[in-house]
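Q:
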Amino acid sequence: MIDIKKKPGAELIVRMEKVNKFFGSLHVLQDIDLSVTHGEVVVIIGASGSGKSTLIRCINGLEEFQHGHIEVDGNQLLPNGKSSKSLQTIRTEVGMVFQQFNLFPHLSVRDNVTLAPIKVRGTSESDAIENADRLLEQVNIADQADKLPGQLSGGQQQRVALARALAMEPRLMLFDEPTSALDPEMIGEVLDAMRELAKAGMTMMIVTHEMGFAREVADRVIYIHKGQIVEQGKPEEVFDNPQNERTQSFLGRVL
Ligand code: ADP
Ligand code: MG
Numbered sequence: 001m002i003d004i005k006k007k008p009g010a011e012l013i014v015r016m017e018k019v020n021k022f023f024g025s026l027h028v029l030q031d032i033d034l035s036v037t038h039g040e041v042v043v044i045i046g047a048s049g050s051g052k053s054t055l056i057r058c059i060n061g062l063e064e065f066q067h068g069h070i071e072v073d074g075n076q077l078l079p080n081g082k083s084s085k086s087l088q089t090i091r092t093e094v095g096m097v098f099q100q101f102n103l104f105p106h107l108s109v110r111d112n113v114t115l116a117p118i119k120v121r122g123t124s125e126s127d128a129i130e131n132a133d134r135l136l137e138q139v140n141i142a143d144q145a146d147k148l149p150g151q152l153s154g155g156q157q158q159r160v161a162l163a164r165a166l167a168m169e170p171r172l173m174l175f176d177e178p179t180s181a182l183d184p185e186m187i188g189e190v191l192d193a194m195r196e197l198a199k200a201g202m203t204m205m206i207v208t209h210e211m212g213f214a215r216e217v218a219d220r221v222i223y224i225h226k227g228q229i230v231e232q233g234k235p236e237e238v239f240d241n242p243q244n245e246r247t248q249s250f251l252g253r254v255l
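In this text, residue positions in the sequence shown follow the UniProt record's numbering: the first is 1, and each later residue adds one.
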């Protein structure tokens with residue numbers, strides 16, 4: 001099982017308050033209020049272009065926002081990028097898995113996983129290797145450790161990306177459509193690894209179009225429409241009995 005370190009007493013890990021984000025004149029996030037507690041699995045759904053990626057990218061400072069306030073595990077992110085010190089802390093505490101795997105192509109699978117712990121955390125090489133091999137085992141890919149990413153299937157590469165993020169012992173994991181670039185037969189193996197992580201108690205925020213998976217793993221489903229949270233609740237509430245007509249119409253199209 002994956003060992004997840006919890007700070008006692010710190011109930012909320014993410015707090016977004018009145019977050020607003022513009023790309024030029026485009027108002028991409030509108031008054032986003034969103035809190036996530038430790039161990040919670042939050043799935044974010046919504047149409048293409050609704051602001052899902054932007055929302056989660058704001059949480060680890062990959063995007064700046066213009067108004068409002070974000071707190072991640074007690075570290076403040078301020079509007080317009082005015083939070084450089086806490087940003088570094090947040091980036092080491094928050095893991096992210098993208099649609100494109102973004103592995104280092106010239107490094108072996110094992111070296112992809114050990115790089116950040118050695119460079120950023122100062123972990124010894126032998127400890128980093130031991131930890132990497134354990135994580136690669138957990139995502140069921142230990143036999144590929146000496147290969148280059150390009151020699152692996154998409155599903156295998158995405159599981160390496162997951163192991164790489166976990167190697168930093170993140171307190172929060174962000175996923176942005178982690179299976180959208182995969183051939184259908186590889187989606188299941190990535191979702192399985194994510195399901196294990198959820199079971200182990202990891203706090204996760206997941207953007208996905210995999211509604212069956214969302215229903216199964218989510219503690220809470222959030223529906224975003226044009227940069228606004230229009231509905232949220234337990235999966236059975238949102239999927240079986242959506243209250244907002246935009247949610248109803250979206251689910252009518254995707255389910
Ligand atoms: P989603 O992930 O839900 O598909 P995004 O967060 O990627 O949506 O995008 C939300 C809106 O912001 C879209 O209209 C998109 O075109 C726009 N957008 C995203 N990134 C940029 C950018 N770097 N510059 C300008 N507009 C952007
Ligand atoms: Mg997106």
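Cβ atoms here follow ideal geometry from the backbone N, Cα and C, with glycine treated the same way.
On a predicted model such as this, the values are computed, not experimentally measured, just so you know.
Using 8 Å as the cut-off, can you tell me whether the segment 224 to 238 makes contact with the segment 56 to 70, which would need three or more C-beta pairs spanning the two stretches below that distance?
A: no
Q: For Ile206, I'd like the list of residues in its chain whose CB is within less than 6 Å of its CB, leaving aside the five on either flank, ordered along the chain.
A: Val43 and Phe175
Q: Return yes when the C-beta of Ser53 is under 6 Å from any heavy atom of the ligand MG, and no when it is not.
A: yes
Q: According to the Cβ coordinates, are Arg215 and Pro242 closer than 7 Å?
A: Annotated as distal: Arg215 and Pro242, with beta-carbon spacing of 7 Å or more.
Q: Return yes when at least one heavy atom of the ligand ADP lies under 6 Å from the C-beta of Phe23, else no.
A: yes
Q: Look at the alpha carbon of Thr37 and the alpha carbon of His27, and state the distance between them as a whole number of angstroms.
A: Straight-line Cα distance between these residues: approximately 27 Å.
Q: Just the Cα atoms here: how many angstroms apart are Phe101 and Gln248?
A: 32 Å
Q: Determine whether the beta carbon atoms of Val14 and Val72 lie at a separation below 7 Å.
A: Against a cut-off of 7 Å, the Cβ pair of Val72 and Val14 comes out as a contact.
Q: Name the one or two DSSP bridge partners that Gln232 has.
A: DSSP output for Gln232 lists Ile222 as bridge partner(s).
Q: Around the C-beta of Gln88, are 16 or more other C-beta atoms found within 10 angstroms, so that it is buried, or is it exposed?
A: Exposed is the call here.
Q: Any heavy atom of the ligand ADP closer than 6 Å to the Cβ of Val28?
A: yes
Q: Once the 5 residues before and after Ala163 are set aside, which same chain residues still bring their CB inside 6 Å of it?
A: Val113, Leu135, Leu136 and Val139
Q: Would you report the Cα separation of Gln151 and Ala145, rounded to the nearest angstrom?
A: 11 Å
Q: Identify the continuous alpha helix (DSSP H) that holds Gln157 and give its terminal residues.
A: Gly154 to Leu166
Q: Indicate whether Val19 and Gly68 have their beta-carbon atoms separated by less than 7 Å.
A: yes
Q: Got a sec: does the ligand ADP put a non-hydrogen atom nearer than 6 Å to the Cβ of Ser180?
A: Outside the cutoff, so no.
Q: Check whether the Cβ of Gly81 lies closer than 6 Å to any heavy atom of the ligand ADP, and answer yes or no.
A: no
Q: For the beta strand (DSSP E) that Val94 lies in, which residues bound it at each end?
A: Val94 to Val97
Q: Count the other CB atoms within 10 Å of the CB of Phe104; is the residue buried (16 or more) or exposed (fewer)?
A: Under this definition Phe104 is an exposed residue.
Q: Distance check for Gln76 and Val97, CA to CA, integer angstroms please.
A: 22 Å
Q: In whole angstroms, what separates the C-alpha of Ala193 from that of Arg159?
A: 7 Å
Q: Express the C-alpha separation of Cys58 and Val120 in angstroms, rounding to a whole number.
A: 21 Å
Q: Once DSSP output is grouped into helix, strand and coil, what is the label at Ile129?
A: Assignment of Ile129 by DSSP, reduced to helix, strand and coil, places it in the helix class.
Q: Does at least one heavy atom of the ligand ADP sit under 6 Å from the Cβ of Gly61?
A: no
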